[in-house]
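Novice:
In mature numbering (1 follows the signal peptide of the UniProt record, and there is no 0), the protein residues as written are -26 to -1, 1 to 147.
(1) State yes or no: is the C-beta of residue 91 within less than 8 Å of the C-beta of residue 68?
(2) Could you check what DSSP says for residue 124 in three-state terms: helix, strand or coil?
(3) Hey, is the segment 11 to 24 in contact with the segment 122 to 142, meaning 3+ C-beta pairs nearer than 8 Å?
(4) Are the beta-carbon atoms of residue 72 and residue 82 separated by less than 8 Å?
(5) What would DSSP say about residue 39, mapped onto helix, strand or coil?
(6) Give the DSSP bridge partners of residue 4, in chain order.
(7) Here's a check: name, in chain order, each residue in its chain whose Cβ is nearer than 7 Å to the Cβ of residue -20, leaving out the five neighbours to either side.
(8) Bridge partners of residue 48, per DSSP?
(9) By the 10 Å Cβ neighbour count, where 16 or more other Cβ atoms means buried, how is residue 104 classified, buried or exposed?
(10) CB-CB under 8 Å to residue 106, same chain, minus the five flanking residues each way: which ones, in chain order?
(11) What does the alpha-carbon distance come out to for the pair residue -3 and residue 93?
(12) Strictly by DSSP, which residues pair up with residue 84?
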């Protein structure tokens, strides 16, 4: 019991230290993301599966607390209906774990919450929300600008599956 309590206290102390530690990269960033998505929509009444790959456009804003931890919000939509499926909205909030590899390259993982709405040929809309996760790479072009490449699993339920490969541009203030 003591060993378990000590481990819990050590892990909690490490997390608090990461959150409050000053770092050179503690700053705000915004960006734009273009994504190639895969949407699987199952009509509830007929159990018919429709699949499409609409292009997504998202805006993002985030804040790095230190080199290793950030929070991020995103909002986006599909650019046009593809194979009868349109992504009407996609909103998400993430905690971002960041691992700097070099001065220009960092790998990251995202975990958070997403809410989405998809329309199938005007025949029906499905809204879904829940856990979302992703993995990505950040390449700094300068101290203010960067490009990102990532995979996001944005939604998975009985009626809707949505994932995307994204290319992003970020600007740090």
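Ideal Cβ placement from N, Cα and C applies to all residues, glycine included.
Specialist: According to the structure shown:
(1) For the purposes of this step, residue 91 is identified with residue 117 of the chain shown, where counting begins at 1. For the purposes of this step, residue 68 is identified with residue 94 of the chain shown, where counting begins at 1. No, these two residues do not count as a Cβ contact at 8 Å.
(2) In the chain shown, counting from the first residue as 1, residue 124 sits at position 150. If DSSP states are grouped into helix, strand and coil, residue 124 belongs with the strands.
(3) In this structure the segment 11 to 24 touches the segment 122 to 142; the number of beta carbon pairs closer than 8 Å is three or more.
(4) Locating residue 72 in the chain shown gives position 98, counting from the first residue. Locating residue 82 in the chain shown gives position 108, counting from the first residue. The beta carbons of residue 72 and residue 82 sit closer together than 8 Å.
(5) Sequence index remark: in the chain shown, residue 39 carries index 65 (1-based). The answer is coil: DSSP assigns residue 39 none of H, G, I, E or B.
(6) Stepping through the chain shown from its first residue, residue 4 is reached at position 30. Residue 4 pairs with 35, 145.
(7) In the chain shown, the residue the question calls residue -20 occupies position 7. Any answer about residue -20 is weak, because its pLDDT of 49 lies below 50 and its placement is not dependable; what the coordinates show is given next. Cβ within range, chain order: n/a, list empty.
(8) The residue labelled residue 48 in the question sits at position 74 within the chain shown. Residue 48 is bridged to 34, 66.
(9) Indexing the chain shown from 1 puts residue 104 at position 130. With fewer than 16 Cβ atoms within 10 Å of its Cβ, residue 104 is classed as exposed.
(10) Here residue 106 refers to the residue found at position 132 of the chain shown. Within the same chain, and ignoring the five residues on either side of residue 106 in sequence, the residues whose Cβ sits closer than 8 Å to its Cβ are 66, 68, 84, 85, 86, 87, 88, 126, 127, 128, 129.
(11) Working through the chain shown from its first residue, we reach residue -3 at position 24. Working through the chain shown from its first residue, we reach residue 93 at position 119. Note on residue -3: pLDDT 48, under 50, position unreliable in the model; the coordinate value appears next. Looking at the two C-alpha atoms, the distance is approximately 44 Å.
(12) Within the chain shown, residue 84 is the residue found at index 110, counting from 1. According to DSSP, residue 84 bridges with 70, 108.
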